[in-house]
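In the order they appear, the protein sequences are chains A and B.
According to the numbering used here, the first sequence is numbered sequentially starting from 536.
According to the numbering used here, the second sequence is numbered sequentially starting from 4.
Take a look at the structure below.
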Amino acid sequence: GAVVSQHPSWVICKSGTSVKIECRSLDFQATTMFWYRQFPKQSLMLMATSNEGSKATYEQGVEKDKFLINHASLTLSTLTVTSAHPEDSSFYICSARKVAITGELFFGEGSRLTVL
Amino acid sequence: AQSVTQLDSHVSVSEGTPVLLRCNYSSSYSPSLFWYVQHPNKGLQLLLKYTSAATLVKGINGFEAEFKKSETSFHLTKPSAHMSDAAEYFCVVILDDKIIFGKGTRLHILP
């Protein structure tokens with residue numbers, strides 16, 4: 536199966552700093568990647584859809600200036616949480632679709648962000 | 004509008020007994036259907052998928068799911084639960100380019 540790598544797995548930062556999370560498709564090209572946020576004991580909440588070479592499409596209620604998404608290549612998308620605050624602490628997960636669309640999503644292992 | 008309903012937020016079964024996790028979807032035509040499993044502090048792992056081929060789909064770790072169009076269901080089953088099956092399970096529907104997650108079912112395995 537396809538592999539999606541997410542880094543870092545855990546990150547702790549001070550309030551006011553920015554944090555970057557990377558999502559890489561290791562053995563396939565992904566024209567579309569997705570970023571989710573997951574609160575404890577809840578389902579995944581789609582934050583944005585990231586298409587290679589174009590601007591991300593954000594879901595309603597997600598601040599695009601707060602959560603910067605870049606999809607510069609077919610194998611890498613990044614999520615930057617800018618000026619992080621404790622309420623941004625969460626589990627962030629990315630997923631990717633192969634170029635040859637089968638509909639199947641491949642998920643990263645997730646990144647646990649804790650903002651002090 | 005499309006939707007996915009996981010009827011049980013929690014399911015508890017004894018080790019060695021069958022597992023049934025229920026999923027119903029709402030769609031005017033057949034979508035692609037998936038079951039994913041999530042262990043604590045981990046990403047989601049694909050268990051199985053239905054994409055308009057055989058209606059009975061076999062997945063990893065002994066899991067199966069049957070697509071029943073008449074009932075708009077895609078329930079996940081396993082004949083004999085193992086302690087390692089304790090996790091959160093998500094039913095996911097993909098229709099056109101829209102991805103819809105169920106709210107998840109927490110599976111507890113009792114010794």
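All C-beta atoms in this analysis are idealised placements derived from N, C-alpha and C, irrespective of residue type, glycine included.
- Judged by DSSP in its simplified three-state form, B/N44 adopts coil rather than helix or strand.
- Of the residues assessed, A/K576 falls on the exposed side of the cut-off, its CB having fewer than 16 other CB atoms within 10 angstroms.
- Residues of the region 44-58 of chain B with a C-beta less than 8 Å from any C-beta of chain A: N44, K45, G46, L47, Q48, L49, K52, T54, listed in chain order.
- For A/Y571 and A/E639, the gap between their C-alpha atoms comes out near 16 Å.
- Residues of the region 623-648 of chain A with a Cβ closer than 8 Å to any Cβ of chain B, in chain order: F626, I628, S630, T637, G638, E639, L640, F641, F642, G643, E644, G645, R647.
- For the C-beta of B/K106, the chain A residues within less than 7 Å are, from N- to C-terminus, S578.
- In the three-state scheme derived from DSSP, where H, G and I count as helix and E and B as strand, A/S630 is classed as strand.
- Against chain B, a Cβ distance below 9 Å from A/Q541 picks out G46.
- Excluding five sequence positions before and after B/G19, the CB atoms of its chain that fall closer than 6 Å to its own CB belong to S83, given in chain order.
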